[in-house]
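Everything below concerns the one structure shown next.
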Amino acid sequence: MFVLTIDQRRSRRDVDRIPDLLAHNADRPLLRPFERTAGDEAQAVTDDAELVVDIALDAAAAGHWSVGIGVGAVELPLPDSTRAGRGPAFEAARRAVERAKNIPGAIAVDGSPGAEAALMLLSATITRRSDAGRAAVDAMRTGMTQSDAAAHLGISKQAMSQRLSVAGWQAEEAGRPLAAQLLEAADR
550 MFVLTIDQRR SRRDVDRIPD LLAHNADRPL LRPFERTAGD EAQAVTDDAE
600 LVVDIALDAA AAGHWSVGIG VGAVELPLPD STRAGRGPAF EAARRAVERA
650 KNIPGAIAVD GSPGAEAALM LLSATITRRS DAGRAAVDAM RTGMTQSDAA
700 AHLGISKQAM SQRLSVAGWQ AEEAGRPLAA QLLEAADR
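Residue numbers for the sequence shown follow this note's numbering, beginning at 550 and rising by one.
The following block contains the structure:
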């Protein structure tokens, strides 16, 4: 099982971003949805490693969050409220989010050093993208071909290829499944 604890960075000097986080993740197939657990923090539960990777990297790309991922058991049955959840994965997520505040990429995994390393590398790739690189990657994520994405952005196929290369698109596409596999292995 995976518990995600996401903490807003610099919350005392910024607007409350928790409502946006909750809305952005409202339709995700979580076992227990994100709930505010403290003033600037939210928590969710899932058994889907790919979903964990997607949520963590979305949060990293936004630039406002520290993400802690706890891997392990939870007390079953899960309570209706995420806030009422208990077990080693919840405790691990708490430790991880505290560590995430002080590491590159702002994503920490308690229970899988390999998954943490993969997510750190992916986060570094994603957060260093230019606006043009983000637009190119976003277009590809919709399922467009590279040619269609180039036309959509009003650029040549060669320019699209260059943007995707500089943005680290292929590395991200290879790294996401790796991070998910490492999380799954840690949860066995």
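Think of the CB as a built atom: it goes at the ideal place given N, C-alpha and C, for glycine as much as any other residue. Given the structure is predicted, the values throughout are model-derived calculations rather than measurements.
query, result
"Just to confirm my understanding: we take Gln-766, look at its own chain, exclude 5 residues before and 5 after, and list those with CB closer than 8 Å. What are they?", "Absent from the structure is residue 766, since the part of the chain shown begins at 550 and ends at 737."
"Are Val-620 and Gln-592 close, meaning C-beta to C-beta below 8 Å?", "no"
"Ordered along the chain, which non-local residues of its own chain (more than five positions away) have a Cβ less than 6 Å from that of Arg-585?", "Ile-567, Ala-591"
"Please classify Arg-581 as buried or exposed, where buried requires at least 16 neighbouring CB atoms within 10 angstroms.", "buried"
"If you reduce the DSSP assignment to three classes, tell me which class Asp-739 lands in.", "Outside the displayed range of the chain (550 to 737) lies residue 739, so it cannot be described from this structure."
"Along the chain, where does the beta strand (DSSP E) containing Ala-591 start, and where does it finish?", "590 to 595"
"Which residues mark the beginning and the end of the alpha helix (DSSP H) in which Ile-567 is found?", "567 to 573"
"Can you check whether the CB of Val-646 is closer than 8 Å to the CB of Ser-615?", "yes"
"In chain order, what are the residue ranges of uninterrupted alpha helix (DSSP H) at least 4 long that sit wholly in the segment 629 to 660?", "637 to 649"
"Starting from Ile-604, trace the beta strand (DSSP E) in both directions and tell me its first and last residue.", "Where Ile-604 is concerned, there is no enclosing beta strand (DSSP E), although the alpha helix (DSSP H) it sits in stretches over 598 to 611."
"With DSSP run on the structure shown, which of helix, strand or coil describes Ser-615?", "strand"
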